[in-house]
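Notes follow once the structure below has been shown.
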Amino acid sequence: MIRKILFILLCLPMIGFGQCDRQQIVDNYNNIYLGSEVSTLQLGWTGNINTCDPGTITTLALNNTLDRINYFRDLVGLPSDIIFDPILNQKCQEAALIMSANGANNHFPPPNWSCYSADGASAAENSNLALNLHSSDAITGLIEDPGINNYHVGHRRWLLFTRANTFGTGSTDNTNATWVIDVPSFNAPFYEFVAYPSEGFFPAPLVFDRWSFGMPDADFSNTTISMTDEQGINIPLTIEPAFSGTAGDNTIVWVPDQAYLNLNSSEDEKYTVTISNFSVFGAAIPDYSYEVIIMTEMNGSNLVHPPNCPNLTVWDEDSCSCFLVDNTGIEELLQNEKELVKIIDFMGRETEFKPNTPLIFIYSDGTVEKKMILE
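In the working numbering, the protein residues as written are 97 to 471.
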């Protein structure tokens with residue numbers, strides 16, 4: 097007699113299952129994010145600080161920088177349709193030149209600075225500025241937003257502004273200016289929230305110290321945040337001070353204790369974030385909870401799919417999760433005191449039992465089990 101093996105994940109409240117997007121997120125990281133790198137040679141900057149020539153950069157550098165911006169926007173669930181305005185690009189070239197010539201960033205460069213120009217100063221005032229980075233690498237640096245003065249992640253917020261659709265950019269071999277403020281915008285639909293890292297599967301190399309949660313017109317002055325790991329253990333965190341200025345959508349920022357995060361695991365790591373006590377236009381909003389599943393396993397610089405699963409589990413693409421392998425026989429299972437009410441597939445359709453197929457078993461006591469029985 098062939099022994100039947102039962103795969104059980106967990107007894108869970110009934111939830112809906114959609115198409116697994118882990119493979120797509122891995123592919124986007126490997127192909128779009130890594131594929132948008134720009135070397136100094138590829139940048140092809142033609143300017144010169146000695147003659148105050150802002151020069152130009154290659155079409156490849158422009159396109160890859162735009163791809164990097166739209167990659168991050170897509171990653172957090174925003175439209176990935178930002179475009180560059182050639183006029184803004186030229187002004188940003190002049191701003192990048194000013195910063196390179198003076199070895200510093202300044203949103204309001206004084207007229208006595210080397211290579212000063214009115215257009216460059218205008219771009220500096222309206223741009224994210226990066227020093228010692230250029231093109232697409234500058235975009236990643238601006239999303240990370242490190243440094244004591246960037247506690248409110250203003251650069252990230254402008255790049256991920258829900259209503260943006262037109263930017264400009266310019267680079268030298270060691271600076272970047274990306275025009276993000278006072279640009280044409282559209283009447284975007286309401287986006288529930290913009291989180292970074294975002295809900296669902298997220299690449300570990302892009303998880304930075306500062307986490308953020310933004311919502312248009314939200315008031316976070318009394319907000320509290322909690323984080324737990326997959327075992328329900330609380331992650332200590334520090335909420336950054338509120339920011340009184342304007343930078344994209346209203347956003348709250350916190351720093352989880354890095355000692356409690358496992359970003360070097362060979363398996364996916366899941367964290368649950370809960371945002372409490374905030375309002376929009378004075379109306380209290382119910383607590384928000386979402387799960388961030390950090391994809392940690394790498395093959396060189398590339399992410400890997402499917403992921404490693406914990407011991408005694410196997411990956412199932414239909415449910416987008418790891419199944420626990422249990423040696424319980426099907427006969428033993430059916431002797432359980434609880435009564436099986438019905439079986440449904442992962443599309444929610446009632447079905448008969450089928451071996452070698454992931455199914456959802458619903459019981460009389462309200463519990464739900466995801467199972468796959470092999471014959």
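Glycine included, each C-beta is placed from N, C-alpha and C at the ideal position.
Phe289 sits away from Val276, with the two beta carbons spaced by 8 Å or more. When the beta-carbon positions are compared, Phe316 and Asp117 stay at least 8 Å from each other.
In the structure shown, Ile178 adopts coil according to DSSP, grouped into three states. Residue environment analysis places Lys466 among the buried positions, since at least 16 neighbouring C-beta atoms fall within 10 angstroms of its C-beta.
With distances taken between CA atoms, Val464 lies nearest to Ile439 out of Thr154, Gln120, Ile439, Thr320.
Taking each of Asp181, Glu446, Asp412, Ser135 in turn and checking the Cα distance to Gln115, the smallest one comes out for Asp412. Taking the Cβ atoms as the reference, Thr258 lies roughly 6 Å from Asp345, within the contact range of under 8 Å. Residues Ile128, Gly131, Ser132, Ser232 of the same chain have their beta carbon placed closer than 8 Å to that of Asp163, with the five preceding and five following residues left out of the count. Non-local beta-carbon contacts of Tyr247 in its own chain, meaning distances under 7 Å to residues more than five positions away in sequence, involve Glu336, Pro337, Val349 in chain order.
Residue ranges of uninterrupted beta strand (DSSP E) with 3 or more members, entirely inside the region 172-233 and ordered along the chain, are 223-227. A buried status is given to Arg169, since no fewer than 16 other beta-carbon atoms sit within 10 Å of its beta-carbon. In the DSSP assignment, Cys418 is bridged to Trp411.
Beta-bridge partners assigned by DSSP to Thr271: Leu227. The beta carbons of Leu420 and Leu436 sit about 19 Å from each other, so the pair does not count as a contact at 8 Å.
Taken through DSSP and simplified to helix, strand or coil, Tyr247 comes out as coil. A direct Cα-to-Cα measurement between Asp241 and Thr154 gives close to 26 Å. Nearest to Ile239 by C-alpha distance, out of Pro175, Asn358, Tyr167, is Tyr167. Taking 8 Å as the upper bound for CB-CB distance, Thr324 and Ser361 are not in contact here, some 16 Å apart. Around the beta carbon of Gly266, 16 or more other beta carbons lie within 10 angstroms, which makes this residue buried. When the beta-carbon positions are compared, Thr271 and Leu227 come within less than 8 Å of each other. Secondary structure at Trp141: coil, using DSSP grouped into helix, strand and coil.
Excluding five sequence positions before and after Ile179, the CB atoms of its chain that fall closer than 6 Å to its own CB belong to Thr262, given in chain order. Annotation for Val122: the continuous alpha helix (DSSP H) segment containing it runs 118-124.
In this chain, the beta strand (DSSP E) harbouring Thr368 covers 365-372. When DSSP states are grouped into helix, strand and coil, Asp241 belongs to the coil group. Relative to the Cα of Ala157, the nearest Cα in the group Gly237, Thr268, Pro352 belongs to Thr268. Here Trp307 has Trp350 as same chain residues with Cβ atoms under 6 Å from its own Cβ, once five neighbours each way along the sequence are excluded. Cα atoms of Trp254 and Gly310: separation of roughly 11 Å, rounded to the nearest angstrom. Rounded to whole angstroms, the separation of the alpha carbons of Pro402 and Glu387 is 19 Å. The C-beta distance from Cys148 to Ala197 rounds to 7 Å, short enough to fall under 8 Å.
Within the model, the alpha-carbon separation for Ala214 versus Val376 is close to 39 Å. Out of Ser417, Pro312, Ala300, Cys416, the CA that lies nearest to the CA of Leu359 is found in Ala300. The beta carbons of Ala234 and Lys187 sit about 16 Å from each other, so the pair does not count as a contact at 8 Å. Sequence-distant Cβ neighbours of Tyr356 in its own chain, meaning closer than 8 Å and more than five residues away, are Asp325, Ile329, Ile331, Pro332.
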